[in-house]
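Trainee: 1411 is the number that the numbering used here gives to position 93 of the sequence shown; each next residue is one higher, with no gaps.
Mind looking over this structure? Questions follow.
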Amino acid sequence: MKNKNVLFLTNAAMIAAIYVVLTVVFAPFSFGEVQIRIAEALTILPIFTPAAVPGLFVGCLIGNILGGAILPDVIFGSLATLLGALGTYLLRNRSRYLAPIPPIVSNTVIVPFVLRFAYGINLPIPFMMLTVGIGEVVGCGVLGIILSMALSRYKGRIFEKQEA
């Protein structure tokens, strides 16, 4: 039991660290009304391990702080990632092609309101939903599916079978 807790925390911490690094390294296009956050490809990981859910949340939280986001963005952007990760975890036994949908939807709906009301970006919310949504489709959908296919070859060797 103790080893499972250590493994869970280690996996979550590693995922959080990778998310932070990807967010900071690709910061020029990880933020703003037109954004493609490469780190969002990691939102596919809850299909492999439940540790990805808190790992993604903490990684997004720290990545937003280090990326210079303001408090409402840190809070609501991180919550959008948490909701997306939970949704992906719930879809883990279904098609891998459905797994990116929750983070795409949660970020497409929440982030434009953060951009408008926290940053004062004066673009129509539906337009920002489109731009953020396209970035999420690229980050979560395309890159996430590619990551999922690559990790599927190593299933059971990278992430030990864990139950939440």
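All residues carry an ideal CB built from backbone N, CA and C; glycine is no exception.
Just so we're clear, the structure is a prediction, and the values are computed from it rather than from any experiment.
From Val1352, Thr1361, Thr1341 and Ser1396, pick the residue whose C-alpha is nearest to that of Tyr1415; which is it?
Mentor: Thr1361
Trainee: Between the stretch 1438 to 1450 and the stretch 1405 to 1414, do three or more beta carbon pairs fall short of 8 Å?
Mentor: no
Trainee: Give me the Cβ distance between Ile1428 and Ala1387, rounded to the nearest whole Å; I'm assuming they're in contact under 8 Å.
Mentor: So it is not a contact: roughly 13 Å between Cβ atoms.
Trainee: What would DSSP say about Leu1400, mapped onto helix, strand or coil?
Mentor: helix
Trainee: Thinking C-alpha only, which one of Ile1463, Glu1358, Leu1433 and Val1432 is nearest Leu1400?
Mentor: Glu1358
Trainee: Starting from the C-beta of Val1456, find all residues in its chain whose C-beta is less than 7 Å away, skip the five residues before and the five after it, and write them out in chain order.
Mentor: Ile1354
Trainee: Between the Cα of Ser1470 and those of Thr1367, Gly1373, Met1332 and Phe1435, spot the shortest distance and give me the residue it belongs to.
Mentor: Thr1367
Trainee: If you draw a straight line from the alpha carbon of Asn1411 to that of Ala1370, how long is it in whole angstroms?
Mentor: 15 Å
Trainee: Roughly how far, in whole angstroms, is the beta-carbon of Gly1402 from the beta-carbon of Tyr1337, given that I think they are within contact range, below 8 Å?
Mentor: For a cut-off of 8 Å, the C-beta gap from Gly1402 to Tyr1337 is around 12 Å, too long to register as a contact.
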